[in-house]
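Report on the following structure.
Numbering (this note's numbering), first residue to last: 21 to 329.
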């Protein structure tokens with residue numbers, strides 16, 4: 021997610037797209053690339069609870085009949101689609117304008133010993149290089165969001181799970197993602213709704229680590245975060261103006277699995293824990309950090325599971 025978001029290219033004939041409707045009785049309409057979804061639904065801020073369902077190979081988003089049944093959608097205050105001006109729209113190529121809004125899925129994989137898997141996107145990728153995210157990618161036609169998430173998990177990490185292997189799955193957050201993430205970085209070339217799902221499995225992280233085979237073309241590193249670390253990240257939330265550094269009670273370094281730049285072999289490597297608390301820079305080159313959307317999903321997970329500490 022800051023983006024999927026965050027996701028690999030997919031051809032138009034196999035991409036799942038977002039459709040919008042104001043209420044359950046209306047006919048869903050394909051969302052326009054330059055359409056800010058929160059603006060479409062008249063959100064008063066940067067978050068809103070929406071209904072989200074798959075129907076006939078469309079991700080349909082609408083206002084829920086009961087807010088308790090909705091899933092929280094958020095975008096950052098600097099969302100390019102929210103801040104886009106008409107003369108800037110005119111400068112976006114037709115090929116981009118006709119893309120629609122893609123659907124991404126990201127899987128927060130929890131091991132039985134309460135470790136969460138995050139991956140660092142490869143530095144050669146065109147979108148969000150070097151940013152930490154859960155495994156994820158485009159949802160394709162004729163698959164559920166859970167199936168899409170597990171397929172992407174296998175493609176990026178080598179971890180092969182079936183839906184039946186998951187003790188618990190839940191969609192916990194929706195993130196409106198654009199790339200570049202800010203207009204100060206350039207006009208948007210990608211627009212996604214990223215669905216974040218949490219998945220619990222019966223194997224501990226040691227057993228899963230033995231099966232880890234990172235895909236060099238997409239992933240540069242992976243790390244298992246303790247629940248305490250995850251909750252520390254969730255307490256900070258997705259506010260990219262938070263200037264606080266690393267909390268004092270966390271270790272200065274954390275062990276990760278990284279791809280060696282020359283041999284492409286998996287090696288164990290210590291990374292500074294502080295990179296997990298970096299914020300998105302407003303100008304210039306991006307920083308190694310957890311994506312803003314992922315921070316929001318972790319924040320939502322903490323709200324939904326407050327007693328599991």
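We put the CB at the ideal spot given by N, CA and C, even for glycine. This structure is a prediction, so every number in the text was calculated from the model and none was measured.
Item: N-terminal and C-terminal residue of the alpha helix (DSSP H) that residue 290 is part of; Value: Careful: residue 290 lies outside any alpha helix (DSSP H), inside the beta strand (DSSP E) at 286 to 292.
Item: First through last residue of the beta strand (DSSP E) which encompasses residue 210; Value: 210 to 221
Item: Cβ distance (whole Å) where residue 359 is taken to contact residue 124 below 8 Å; Value: Missing from the structure shown is residue 359; the chain here goes from 21 to 329 and no further.
Item: Closest Cα partner of residue 132 within the set 223, 271 and 160; Value: 223
Item: Exposure label - residue 106; buried when at least 16 CB within 10 Å; Value: exposed
Item: Beta carbon of residue 276 nearer than 9 Å to that of residue 134; Value: no
Item: Nearest neighbour of residue 293, chosen from 316, 252, 318 and 210 [CA to CA]; Value: 252
Item: Cut-off 6 Å between Cβ atoms - residues of its own chain near residue 254, not counting five sequence neighbours on either side; Value: 318, 319 and 322
Item: Run of the alpha helix (DSSP H) containing residue 108, from where it starts to where it stops; Value: 106 to 109
Item: Start and end residues, beta strand (DSSP E) containing residue 122; Value: 122 to 130
Item: Enclosing alpha helix (DSSP H) for residue 251 [first to last residue]; Value: 247 to 256
Item: Inter-residue Cα distance where the pair is residue 44 and residue 287; Value: 51 Å
Item: Collapsed DSSP secondary structure at residue 112 in the structure displayed; Value: coil
Item: Per-residue DSSP class, three states only, for residue 156; Value: strand
Item: Spatial distance of residue 250 from residue 136 (CA atoms); Value: 8 Å
Item: Check: residue 45 C-beta below 8 Å from any heavy atom of the ligand GTP; Value: The model on display carries no ligand, and the ligand GTP is accordingly not part of it.
Item: The segment 206 to 215 touching the segment 225 to 232, judged by at least three CB pairs closer than 8 Å; Value: no
Item: Among 54, 63 and 89, the one whose alpha carbon lies nearest that of residue 73; Value: 89
Item: Beta-bridge partners of residue 94, as assigned by DSSP; Value: 67 and 195
Item: Where residue 97 falls, given that 16 or more other Cβ within 10 Å makes a residue buried; Value: exposed
Item: The segment 176 to 196 / the segment 80 to 94 touching (three or more Cβ pairs under 8 Å); Value: yes
Item: Neighbourhood of residue 39 by C-beta, 8 Å cutoff - its chain only, sequence neighbours within 5 removed; Value: 48, 49, 50, 51, 78, 79, 80 and 81
Item: Separation of residue 200 from residue 304, as counted between CA atoms; Value: 12 Å
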